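In UniProt numbering, the protein residues as written are 1 to 278. C-beta: ideal position from N, C-alpha, C; glycine also. In this text the structure is predicted, and so the values were computed from the model without any measurement. Here is the structure we will look at.
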Amino acid sequence: MNPQRPVNSFRNLTQPPRPRPKAAHGASQRLQKTGRWQQARRFMRERPLLERVYWFCVKAFLWLFFGSIGYVVVLKYVPVWVTPLIVSRWIDTMGTDENSHVYKKWRSYDELSKEAALAVVASEDQAFPTHWGFDFDEIQDAIKENQYRKRPRGASTISQQVAKNVFLWNGRSYIRKGLEVYFTALIELIWGKKRILEVYLNVAETGPMTFGLEAASVRYYKHPASSLSRSEAARIAAVLPNPRLFSISNPSSYIQRRTRQISRQMRALGGQRYIRNL
């Protein structure tokens, strides 16, 4: 009969108990987030009115988000007949002696003078063929200049002006500026440069109740925009910063000087070759 082997009590007493492995840091964070999410859901369920408001806001946001993308896709192929700016100008004439007739006629990019397209790019946004909707160099220059200028200088690209005119309202606010950034990115991604310039040439305000190059050319030069000369196109581009103050038919000395400057810029850019590959 074999005697029972004695237990090594000394080894058991001296060896400390092995600690339990701690949960990983990422796992603990996930558990905390899950717990907070469950608390938030419980908080919402205990307040039915707040829960309905929450889901209404979520659904409204999704409808607006996907609806805006769908609207941008549609306007890639459909002429833009009406913009918030046109409606605003028309409302301003109601109850006044001003002419309330809207002069506007859509023309495709191929039907417009390329001198007019080049004049607008030379005047408003010379980096248009290469940027992605925002000219950050111009923005930085404008910020520096506006520190000592009485009237702030803008740095909006043609893409930003199209986003503002077609989709948004007039005014200055962080909400409108944020939406302008959003729609600028959308049209750059979905439309492309040629379509953006085509829309701009058709919706830009070119005179009192006058929108687009075709309407301006017929009203002030008595011929279609397809036959605009360089000097005529440059004069239209010269009044774009403030078409309600400056006149195409009766240009001031400032507009005449600016017209010559734009013509020189058009030659310096290399002529119509500059916008050939939009």
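In the three-state reduction of the DSSP assignment, residue 205 falls in the strand class, which pools E and B. One Cα belongs to residue 92, the other to residue 39, and the distance between them is close to 52 Å. If you draw a straight line from the Cα of residue 172 to the Cα of residue 277, it is about 34 Å long.
Between residue 163 and residue 184, the beta carbon gap of about 4 Å places them in contact (Cβ cut-off 8 Å).
Counting only runs of 3 or more residues that sit fully inside the segment 171 to 249, the beta strand (DSSP E) segments are 205 to 207, in chain order. Taking C-alpha positions only, residue 220 is separated from residue 249 by approximately 6 Å. The alpha-carbon of residue 70 is positioned some 23 Å away from that of residue 170. For the pair residue 261 and residue 267, the Cα-to-Cα distance works out to about 10 Å. As DSSP reads the structure, residue 103 sits in a beta bridge with 210. Annotation for residue 277: no alpha helix (DSSP H) segment contains it, and DSSP assigns it neither H nor E. Linking residue 114 to residue 160 through their CA atoms gives a straight-line distance of about 21 Å.
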